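Below is one structure; the comments refer to it alone.
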Amino acid sequence: MRSKADHTAAVREHRRAAVVVNTKSRRGRRHYDEVLRLIRAAGFAPLGVFPVDEPKRLRATLDEALALGPDLLIVGGGDGTLSTAVKQLAHRDVALGVLPLGTTNNFARSLGLPLTRTGAVRIFTAGKVADVDLGLCGDRPFANLASFGVSVEVAGTVKPWLKRALGRAAYPLTALTILPGHHPFRAFITVDGVRHELLTHQLNIANGRFHGGWQIARDISIDNRRLVAYQLGSGKRLRLLVETMNRATTGKWRSLAGGPFVIGREMLIETDPPMAADIDGEVRLRTPLTLTTIPNGVRVMVAQDFVDT
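All residue numbers in the sequence shown are consecutive under my numbering, ending with 590.
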């Protein structure tokens, strides 16, 4: 692996980039031509350009793009698309260039990236290469979040047209329709030999700083070698509803030091009953599960003022 300084210099000097855009994403199809113009206007002559209108082809398309040997792989889409790209790029000498074209853009927000297309492309020429942490849930890397509870049902229920119309507000509104029939569950989080027990409708384990487009806590980081576990509400539906809507409307999240957070590098998650995990949008594994951090697991282009540890 090159040093990050050498990698940054190579991106700026040689402009060897490949571009993959999920044209099925909320804004991917609408802005596809525009982002290509912006990338070329920034001095890049892409080694290859790959629109993806069939999500099942995304992994294979990313492999095609990587086979061209780029220093920078520019990926446009939502958090699901970027999470897939992160998995493909883990521990590789290629930097990810993020084009946030989704609904919540949690990964881009966690990196402190501009959410405008012009601003995002500017990072590719004026930014730097950094390496940030990944989470690992069972055998599956994740960039943002592993979650258990009502959000798993929300992810499978929220309508694409509602996301297009309302953006990130589509998620809490969909949760309102699911919550009346949802049953609370008991969760056990073991960190450093200490077992924490809680009753809740929703448990989240975060690697990134944002969930649903809102900041989890003011002092959380995607590059601090720690995972953060927290519940939304309690076993009472009304408390979950009030807390979710308060955070969705005000964006006020407390400090890690003053909130009901469990923090650690490795966590054992058990639930009663056993539950499915939503891992960056993919519902695959079931509890019990061990979650850990992968320090400096993936290289990304970020702004110059990003604190890279």
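Built from N, CA and C at the ideal position, the CB exists for glycine as well.
Here the structure is a predicted model, which means the values were calculated and not measured.
Query: S306: buried (16+ other C-beta within 10 angstroms of its C-beta) or exposed?; Result: buried
Query: How many angstroms separate the CA atom of H482 from the CA atom of V431?; Result: 6 Å
Query: Going by Cα to Cα distance, which pick from E345, V543, H477 is closest to A487?; Result: V543
Query: May I have the straight-line CA-CA distance separating S428 from T342, to the nearest angstrom?; Result: 28 Å
Query: Closer than 8 Å is the cut-off here; do at least three beta carbon pairs connect the region 396–413 with the region 579–588?; Result: yes
Query: Considering only C-alpha positions, which residue in the set I470, V301, K285 is nearest to G378?; Result: V301
Query: Rounded to the nearest angstrom, how far is the Cβ of V583 from that of G408, given a contact under 8 Å?; Result: 6 Å
Query: Taking buried to mean at least 16 other C-beta atoms within 10 Å of its own C-beta, is M282 buried or exposed?; Result: exposed
Query: N303 and L339 look like a contact to me (Cβ under 8 Å); what is the Cβ gap, rounded to whole Å?; Result: 7 Å
Query: Report, in whole angstroms, the separation of the C-beta atoms of P351 and R297, which I expect to be a contact under 8 Å.; Result: 5 Å
Query: Shorter than 7 Å, the distance from the beta carbon of G383 to the closest heavy atom of the ligand NAP, or not?; Result: Among the components modelled here there is no ligand, and therefore nothing to report on the ligand NAP.
Query: Expressed to the nearest angstrom, what Euclidean distance is found between the alpha-carbon atoms of L572 and R499?; Result: 23 Å
Query: If you follow the beta strand (DSSP E) that D360 is in, where does it begin and where does it stop?; Result: No beta strand (DSSP E) contains D360, which is instead part of the alpha helix (DSSP H) from 360–370.
Query: Helix, strand or coil for A424, going by three-state DSSP, please let me know.; Result: coil
Query: Whose C-alpha, out of K285, D586, I550, Q585, is nearest the C-alpha of C418?; Result: I550
Query: Spell out the partners DSSP gives M582 in its beta bridges.; Result: V410
Query: Hey, how far is the Cα of F325 from the Cα of G358?; Result: 19 Å
Query: Since L353 contacts A424 with CB under 8 Å, what's their CB separation in whole angstroms?; Result: The pair is not a contact, with the Cβ atoms about 18 Å apart (cut-off 8 Å).
Query: Where Q369 and V375 are concerned, what is the direct C-alpha to C-alpha distance, given to the nearest angstrom?; Result: 10 Å
Query: Whose CA, out of G562, S502, T568, M548, lies closest to the CA of P554?; Result: T568
Query: Counting only runs that start and end within the region 549–582, where is the beta strand (DSSP E) found for 3 or more residues in a row?; Result: 557–560, 563–567
Query: Spatial neighbours of D561 within its chain, please: C-beta separation below 8 Å, excluding the five flanking residues on both sides.; Result: D360, G361, S364, F423, A424, N425, L426, A427
Query: In terms of alpha-carbon separation, which member of G309, L349, V402 lies closest to R293?; Result: V402
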